[in-house]
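Chains as they are written, first to last, in our numbering: chain A, 1 to 275; chain B, 1 to 275; chain C, 1 to 275; chain D, 1 to 275. Note that the Cβ used here is the ideal one computed from N, Cα and C, for glycine as well. Predicted, not measured: the structure shown is a model, and the values here were computed from it. Below is one structure, written out as structure tokens; comments come after it.
There are 4 protein chains.
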Amino acid sequence: MKLAQENQRVLLISSDGKRFLLRLRAGERFHTHKGTIDHDDLIDKPLGRQVFSHLQHPFVVLEPSIHDLLMHLRRVSQIIYPKEIGQILLRLDICSGKRVIEAGTGSGALTTALAYFVRPGGMVYSYEAREDMLRVARKNIRNAGLDDYVKFTQRDIRQGFDEREVDALFLDVREPWLYLEQASQALADGGFFGALVPTTNQVSALLAALKERPFVAIEVLEILLRKYKPVAERLRPQDQMVGHTGFLIFARKVSLEPSASPAVGEASACQEETP
Amino acid sequence: MKLAQENQRVLLISSDGKRFLLRLRAGERFHTHKGTIDHDDLIDKPLGRQVFSHLQHPFVVLEPSIHDLLMHLRRVSQIIYPKEIGQILLRLDICSGKRVIEAGTGSGALTTALAYFVRPGGMVYSYEAREDMLRVARKNIRNAGLDDYVKFTQRDIRQGFDEREVDALFLDVREPWLYLEQASQALADGGFFGALVPTTNQVSALLAALKERPFVAIEVLEILLRKYKPVAERLRPQDQMVGHTGFLIFARKVSLEPSASPAVGEASACQEETP
Amino acid sequence: MKLAQENQRVLLISSDGKRFLLRLRAGERFHTHKGTIDHDDLIDKPLGRQVFSHLQHPFVVLEPSIHDLLMHLRRVSQIIYPKEIGQILLRLDICSGKRVIEAGTGSGALTTALAYFVRPGGMVYSYEAREDMLRVARKNIRNAGLDDYVKFTQRDIRQGFDEREVDALFLDVREPWLYLEQASQALADGGFFGALVPTTNQVSALLAALKERPFVAIEVLEILLRKYKPVAERLRPQDQMVGHTGFLIFARKVSLEPSASPAVGEASACQEETP
Amino acid sequence: MKLAQENQRVLLISSDGKRFLLRLRAGERFHTHKGTIDHDDLIDKPLGRQVFSHLQHPFVVLEPSIHDLLMHLRRVSQIIYPKEIGQILLRLDICSGKRVIEAGTGSGALTTALAYFVRPGGMVYSYEAREDMLRVARKNIRNAGLDDYVKFTQRDIRQGFDEREVDALFLDVREPWLYLEQASQALADGGFFGALVPTTNQVSALLAALKERPFVAIEVLEILLRKYKPVAERLRPQDQMVGHTGFLIFARKVSLEPSASPAVGEASACQEETP
Chain A
1 MKLAQENQRV LLISSDGKRF LLRLRAGERF HTHKGTIDHD DLIDKPLGRQ VFSHLQHPFV
61 VLEPSIHDLL MHLRRVSQII YPKEIGQILL RLDICSGKRV IEAGTGSGAL TTALAYFVRP
121 GGMVYSYEAR EDMLRVARKN IRNAGLDDYV KFTQRDIRQG FDEREVDALF LDVREPWLYL
181 EQASQALADG GFFGALVPTT NQVSALLAAL KERPFVAIEV LEILLRKYKP VAERLRPQDQ
241 MVGHTGFLIF ARKVSLEPSA SPAVGEASAC QEETP
Chain B
1 MKLAQENQRV LLISSDGKRF LLRLRAGERF HTHKGTIDHD DLIDKPLGRQ VFSHLQHPFV
61 VLEPSIHDLL MHLRRVSQII YPKEIGQILL RLDICSGKRV IEAGTGSGAL TTALAYFVRP
121 GGMVYSYEAR EDMLRVARKN IRNAGLDDYV KFTQRDIRQG FDEREVDALF LDVREPWLYL
181 EQASQALADG GFFGALVPTT NQVSALLAAL KERPFVAIEV LEILLRKYKP VAERLRPQDQ
241 MVGHTGFLIF ARKVSLEPSA SPAVGEASAC QEETP
Chain C
1 MKLAQENQRV LLISSDGKRF LLRLRAGERF HTHKGTIDHD DLIDKPLGRQ VFSHLQHPFV
61 VLEPSIHDLL MHLRRVSQII YPKEIGQILL RLDICSGKRV IEAGTGSGAL TTALAYFVRP
121 GGMVYSYEAR EDMLRVARKN IRNAGLDDYV KFTQRDIRQG FDEREVDALF LDVREPWLYL
181 EQASQALADG GFFGALVPTT NQVSALLAAL KERPFVAIEV LEILLRKYKP VAERLRPQDQ
241 MVGHTGFLIF ARKVSLEPSA SPAVGEASAC QEETP
Chain D
1 MKLAQENQRV LLISSDGKRF LLRLRAGERF HTHKGTIDHD DLIDKPLGRQ VFSHLQHPFV
61 VLEPSIHDLL MHLRRVSQII YPKEIGQILL RLDICSGKRV IEAGTGSGAL TTALAYFVRP
121 GGMVYSYEAR EDMLRVARKN IRNAGLDDYV KFTQRDIRQG FDEREVDALF LDVREPWLYL
181 EQASQALADG GFFGALVPTT NQVSALLAAL KERPFVAIEV LEILLRKYKP VAERLRPQDQ
241 MVGHTGFLIF ARKVSLEPSA SPAVGEASAC QEETP
């Protein structure tokens, strides 16, 4: 049985489905449309149970999942959503111990997820040019308790990345095709490259640039998530859905040895045409 | 620079995009439509580079990602696909150190992914009634080098699970609604529950059963993945796509204290109606 | 060159893309966020051209399409959308001269489209139990100038339809499975049956009922429409889309002759299992 | 009660859901996997009923819908599918009496649908450069009994269209942006323009060209059709679906009067940015 700790973040869900993410602090009081709850009634008490507001409305108190954290992140920019992040994790082969570069940091949603999954032993190197974004992202990472797994750098990535031989690198920037040289230098041979862009024009520009460099196994895809109203006797998709966030592009960086045969020059010969 | 090891599995991609997953064994020879490659020319050599068949066709040799492993799994049943697995990981809050139950094992696709992401320190408890399935799954897990992170049990789960206080539990069985009592006993308070079913009738049956028990934050969704032909100057979605694999249902198991006020009895009062 | 007539409805589109559907009346003045336009400046003037408000903002004045009419319909209920209507027209084989029953009328969106396409020579028989709905639908049909092609009846369709041997029949009611006997009596042998329902439970109930009666070629489908921002250099799907309106069910009513061989009794033997 | 006529085309559906479109000819015999049926047993007999093969397998004999005709069209090229055609009909405001141009004809799928819906009183002017395509399309139109409603012309449309003041014009050609001048000359002011292209690059090129000419109300969209297995107790989407056929672009051609105020010169000022 897990007990809620002071300073821990917990998820409260009211009987009408409203969700609240709050940090427990001794002596504080949480106010909702369904009455108040004293933090002291939660601290050092079991998680995963029902509690009641002073108006006797039931709430459940839960440890937030990484999905909950991502959905409640403080945002100063369009964030990468869990539906894309799940795919990114598998495609970039993120797991405990990996060293990963991302740029730009933005509000830190992907940063949070990457840091969560490289634990323990891994590290996320996150680059962002804008100080205001970086400030929010730092706060989000600190709130998630993931400081030890992220190294932030404020920089225009035209100047390159400091790390070498990283396992994976993800670009969430407006013109990712401008930074493929920098990405290639940072990635280990065989390293995983990913990018997210919102427009088809950007996809085309990135594809063209990737094919001029030693990137192979190039794939483009998008993820659509369709939610249903969870009512047994009237099951149906929700009326509205997110129609678009972005296109995901994945590739692997390889080395084309200088001593190789003529075919080597034709990097594009190795491009994968997805069947 | 990573070197390919004997007995390691590597991914070979030919210049026309064909993918081959093979285990390196000294003295063996790999035959393709584009010529042969001696395993000895790969063993103890760098990964992430170009190699040539005896016909001088270029291949790239890569360390497979978890995504590659999942897509090349030996199958004796419909597997859970990466598009769902990415979402499952985030929803069930899988990460290093977690203890997770799944049933049924099937071919072991989700087993593989769960084991991959609970490393180090975690454990997957995988239950399957059919011995033939279990045999294939064991082999797939061994091939992936994940034996230390999976404990298989051959059992009809009507008899319950052996573990208690697990962090998450996933059901990929025909009638998941029959096993909610068993699932509740195994899950810690606040634990993550998930299930995948192919038909809407099963979704309705599971929703009805979940609402009779202390499960909250119930959500139903499906994931659609749309692939594009990765050609810069002729960008377009692929002609065919997977139209359906299954519906995902997620919930959290909570404790409704026996000593509570009348409202406690109404477990359904805590059900979340996703807006 | 077409001239706008008094009493005609025209579509005005402002330079910032706002759309206005108005009926031209001599002496009236149209007020917008971009200035006013005198109806007299439009009446007896060419359609399909640019006009200017008194503030010199450009508008285009157009004859509305059936799609425009449907999107600007006065609504007192959830309407059937053009994305479904296009499919319904082709599936029910609607065209000039056809006799079609629909129930319930609702706001009259499908009524409008059916009437539009059975011209000339055809007729739509529209049934609705609620008087308030019927009043709005009548007005919408009159506004569209389609009075001659629709016969409205206020009735609970449990009492059956007045027409016989109709070419097609569409049910947009909560429990369409209750009225299959009535539908069968009204439809010609080989006639087209269609229905729209929002939940999967309703689809299942209707399918079960259809299979107990002489309906064949049963199909279930849904239509998703994805809009793009029409910007050449930043092409992308819109952020939000309609995730669900309803499921469409189509079938053909056939006669199973009384004098036939034993196999005839098995109406279900003729059901089509879509591969 | 409708009787099948000699020379009429009928749809036969076997008890296992196989569909056959055949033309009835006295004395002929139809062979299937479920036995043979004499055409003479169908001619002058009622439609919409069950018939039996010589092996006593039940079939239903039906009048084909326009949807059936389109799905059984003889094809020498990628055709425009009913899911798009339904939308095109509503967007181009096709109905009895309309005059419509299309190019290229291809196999004649859209031609067939347009001809079907402009009856009576309307006309489709169909242009195609390739003689082999035209031959197939002519045959398809003749088979559908729609000769009186289509005028075919073999021509490279760079040379323009012969008609003027047409109500609507649809381009299903590789580079539709090259023919906007020709399209503008043929279309009435306010006329409906549509096009279908498979790649995003083509969409961008067409959008850029449309914005340089007096086209307004520009929209880009795509239609996804999801089929379900029509089984009441195991309802689910089909495993595979069509992931892409093409993007639809719609616009209205307007006149920008020469004598107008300075704002008139800015044709783009009238472009609609879909919100």
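Environment of residue i [buried if 16+ CB atoms lie within 10 Å]
| i | result |
| --- | --- |
| residue 36 of chain A | exposed |
| residue 189 of chain B | buried |
| residue 55 of chain D | exposed |
| residue 31 of chain C | exposed |
| residue 67 of chain A | buried |
| residue 29 of chain C | exposed |
| residue 50 of chain D | buried |
| residue 3 of chain A | exposed |
| residue 27 of chain D | exposed |
| residue 222 of chain B | buried |
N-terminal and C-terminal residue of the alpha helix (DSSP H) that residue i is part of
| i | result |
| --- | --- |
| residue 117 of chain A | 109-118 |
| residue 86 of chain B | 82-91 |
| residue 202 of chain B | 200-210 |
Within chain A, the residues that residue i reaches when beta carbons sit closer than 9 Å
| i | result |
| --- | --- |
| residue 148 of chain B | Going along chain A, no residue has its Cβ under 9 Å from residue 148 of chain B, so there is no contact; the nearest lies around 13 Å. |
DSSP state of residue i mapped onto helix, strand, coil
| i | result |
| --- | --- |
| residue 255 of chain C | strand |
| residue 1 of chain B | coil |
| residue 100 of chain C | strand |
| residue 138 of chain D | helix |
| residue 58 of chain D | strand |
| residue 24 of chain B | coil |
| residue 14 of chain B | strand |
| residue 174 of chain D | coil |
| residue 189 of chain D | strand |
| residue 129 of chain C | coil |
| residue 72 of chain C | coil |
| residue 157 of chain D | helix |
| residue 168 of chain D | strand |
| residue 66 of chain D | helix |
Under 8 Å by beta carbon: chain A residues contacting residue i
| i | result |
| --- | --- |
| residue 39 of chain B | Here the premise fails: no neighbours, minimum Cβ distance about 18 Å. |
Distance between residue j and residue i (C-alpha atoms, nearest Å)
| i | j | result |
| --- | --- | --- |
| residue 63 of chain B | residue 81 of chain A | 27 Å |
| residue 24 of chain D | residue 117 of chain C | 29 Å |
| residue 233 of chain C | residue 127 of chain D | 30 Å |
| residue 157 of chain B | residue 129 of chain B | 8 Å |
| residue 187 of chain C | residue 244 of chain B | 34 Å |
| residue 208 of chain D | residue 218 of chain D | 11 Å |
| residue 214 of chain C | residue 87 of chain C | 23 Å |
| residue 96 of chain A | residue 231 of chain B | 34 Å |
| residue 133 of chain B | residue 159 of chain A | 53 Å |
| residue 239 of chain A | residue 101 of chain A | 38 Å |
Chain-ordered chain C contacts of residue i [CB-CB under 9 Å]
| i | result |
| --- | --- |
| residue 238 of chain A | 243 and 244 |
Partners in chain D for residue i, counting only beta-carbon separations shorter than 8 Å
| i | result |
| --- | --- |
| residue 204 of chain A | 200 and 201 |
| residue 211 of chain C | 232 |
Partner residues on chain A for residue i, Cβ-Cβ distance less than 7 Å
| i | result |
| --- | --- |
| residue 233 of chain C | 201 |
Range of the contiguous beta strand (DSSP E) that encloses residue i
| i | result |
| --- | --- |
| residue 223 of chain C | 215-229 |
| residue 36 of chain A | 35-38 |
| residue 31 of chain B | 29-32 |
Chain-ordered chain B contacts of residue i [CB-CB under 9 Å]
| i | result |
| --- | --- |
| residue 174 of chain D | Here the premise fails: no neighbours, minimum Cβ distance about 11 Å. |
Within chain D, the residues that residue i reaches when beta carbons sit closer than 7 Å
| i | result |
| --- | --- |
| residue 226 of chain B | 243 |
Residue i CB to nearest heavy atom of the ligand MG below 7 Å
| i | result |
| --- | --- |
| residue 140 of chain C | The ligand MG is absent from the structure shown, which contains no ligands of any kind. |
Within chain C, partners of residue i - CB distance below 8 Å
| i | result |
| --- | --- |
| residue 119 of chain D | 95 and 96 |
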